[in-house]
Each structure stands twice: as structure tokens, then as C-alpha cells.
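Peer 1: Chains A and B, in that order, give the protein sequences.
Per my numbering, residue 1 is the first one in the first sequence, and the count goes up by one each step.
Per my numbering, residue 1001 is the first one in the second sequence, and the count goes up by one each step.
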Amino acid sequence: AQSVTQLDSHVSVSEGTPVLLRCNYSSSYSPSLFWYVQHPNKGLQLLLKYTSAATLVKGINGFEAEFKKSETSFHLTKPSAHMSDAAEYFCAFTSGTYKYIFGTGTRLKVLA
Amino acid sequence: GAVVSQHPSWVICKSGTSVKIECRSLDFQATTMFWYRQFPKQSLMLMATSNEGSKATYEQGVEKDKFLINHASLTLSTLTVTSAHPEDSSFYICSASQVLSNSPLHFGNGTRLTVT
């Protein structure tokens, strides 16, 4: 079965420190993977996507993610957290169909 | 580019009335649009897949007569919550995908529905 697992429901970091949000997937097919951010009462904004090109993907707002097939992971990182990064982050997966599978989300808290 | 506009952003209605939510792709053609429901502090639950010019495909457990979906053009899909009840109160989000598969989903800003 295809699935996406976000390992942490909440992550807290201090401003200026690195961010790591973890995502693992399970699929028999070559996946396309995405990270989205959601601010309160807003829709989801695409941060970055992996679609079988370079395994290290750079996105907006300084975020990047690395696709590791051997670990079935697609973790999201940022070198230095900013207060404005506080939000809910969703990892999503699709395997060539139009149906997307979303993780349960990770709430990022940034402490001053 | 790839902007999806969803309207209204919030709506309050009385029990028994119907509410229509619009989802428009502003700068691309969306052959497929998706409607999600999001409960507080939870992930997105796919309700239905809307295909231009054909009937929507509903996920298991979603009442098609309750949540009417129309995708009349390549840039517009509507979700109508019929005979709304308080338990229908939720955050509804639409998304659209461009023609190519594996294209990312682009999301509207969501609609907060409150049924009193």
C-alpha cells in the first residue's frame, strides 16, 4: 500500500537554528514527492517538489529536501529558522496518478 | 503562475440551506480539480475528484447527493453543500492540477463553513 508518514506531529526550534521535518514514504512505484506549507486558515502553498530529477531539491524560502530512495525518505530542511516559518507542513506523494496522498502534518514552532 | 482562487473564504449559513463554493484556476487549464475537507489540526481528507465535462468521482463515505460537484469548464469547479447541517462545518479546500501528471497541486485558500 502507498503511504506517507510524517514522523513528528510537532517540532520546535529556536530562531536561527536548523529545521528538520521528516517524511517517509511507501510505494512500489517511482514517486513524486512534495512539501507544502499551510498557514492558519489558508490553503496549502507548494514549497518544493521531487519528480525523478535531481535528488536534492531546492524550494522557496530557503527550504530544501533530499530524496533518498534507499531510506524511502524525503526530509525537509532549512539552515536557519525564521519566525515566519511557523506553520503546518505537509509531505505529499503521488505515483503518476492524479491522486495525492498527504501526511498527517508537522506543526513547526519557532521560538524567539 | 498557477494560481487557484477559491470563493468565498468564509461563510456562515443556517441549517437546511445550501452553500456553493467556487474554485477557479486563474492562469492555467485544470482538467482535474480536487475537493478536500480539513478538520481542525488534521490533514486533508480527499472528498472527490472533479473532472471537466464528466461526473465527479467521490471517495468512499462521501455522500454525492450531499456534496454536489460541478466542473463545467477547464477553469471552474463548484462544490455545493446541500441541506447543510452543523456537522458539515469545516474547512474546505480545492486544488487543481495542470494537464501533465505529476504536476504539483495548486491550492485555493480554503473556505471556512460554519453551519448554525
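The beta-carbon is built from N, C-alpha and C at its ideal position, and this holds for glycine as well.
Let me make sure I understand the geometry here. Which of E1087(B), N1070(B), P1008(B) has the alpha-carbon closest to that of G1053(B)?
Peer 2: Position 53 of the second sequence, counted from the start, is the residue given in the question as residue 1053(B). Comparing Cα-Cα distances from G1053(B) to each of E1087(B), N1070(B), P1008(B), the minimum goes to N1070(B).
Peer 1: Using the beta-carbon of each residue, which ones in chain B are nearer than 9 Å to K78(A)?
Peer 2: One-based indexing of the first sequence puts residue 78(A) at position 78. What K78(A) touches in chain B: nothing, since even the nearest Cβ is about 19 Å away.
Peer 1: Would you report the Cα separation of H39(A) and S26(A), rounded to the nearest angstrom?
Peer 2: On the first sequence, residue 39(A) is found 39 positions in, with the first residue counted as 1. On the first sequence, residue 26(A) is found 26 positions in, with the first residue counted as 1. If you take the alpha carbons of H39(A) and S26(A), they lie about 27 Å apart.
Peer 1: Taking only beta-carbon atoms, is G1061(B) less than 9 Å away from chain A?
Peer 2: Here residue 1061(B) corresponds to residue number 61 of the second sequence, with the count starting at 1. Chain A contact via Cβ: absent.
Peer 1: Let me know if W1010(B) comes out buried or exposed under the rule of 16 or more other beta-carbons within 10 Å of its beta-carbon.
Peer 2: Numbered from its first residue, the second sequence carries residue 1010(B) at position 10. Burial state of W1010(B) is exposed, judged by a 10 Å Cβ sphere holding fewer than 16 other Cβ atoms.
Peer 1: Rounded to the nearest angstrom, what separates I60(A) and G1016(B) at their Cα positions?
Peer 2: Within the first sequence, the letter at position 60 stands for residue 60(A). Within the second sequence, the letter at position 16 stands for residue 1016(B). For I60(A) and G1016(B), the distance between alpha carbons rounds to 43 Å.
Peer 1: Could you tell me the alpha carbon to alpha carbon distance between K1055(B) and D8(A), rounded to whole angstroms?
Peer 2: In the second sequence, residue 1055(B) corresponds to position 55, counting from 1. In the first sequence, residue 8(A) corresponds to position 8, counting from 1. For K1055(B) and D8(A), the distance between alpha carbons rounds to 38 Å.
Peer 1: Along the beta strand (DSSP E) that carries M1045(B), what are the first and last residues, could you check?
Peer 2: Here the question's residue 1045(B) lines up with position 45 in the second sequence. Unbroken beta strand (DSSP E) run through M1045(B): 1044 to 1051.
Peer 1: Hey, out of T1082(B), K1041(B), L1074(B), Q1060(B), whose CA is closest to M1033(B)'s CA?
Peer 2: Here residue 1033(B) is taken as the residue at index 33 of the second sequence, counted from 1. Measuring from the Cα of M1033(B), the nearest candidate turns out to be L1074(B).
Peer 1: Quick one, are the C-beta atoms of T72(A) and F90(A) less than 9 Å apart?
Peer 2: Mapped onto the first sequence, residue 72(A) falls at position 72. Mapped onto the first sequence, residue 90(A) falls at position 90. Not in contact: T72(A) and F90(A) (Cβ atoms no closer than 9 Å).
Peer 1: Leaving aside the five residues before and after V1003(B) along the sequence, list all residues of the same chain whose C-beta is less than 8 Å from its C-beta, in chain order.
Peer 2: Along the second sequence, one-based indexing puts residue 1003(B) at 3. So the qualifying residues of the chain are S1025, L1026, D1027, H1106.
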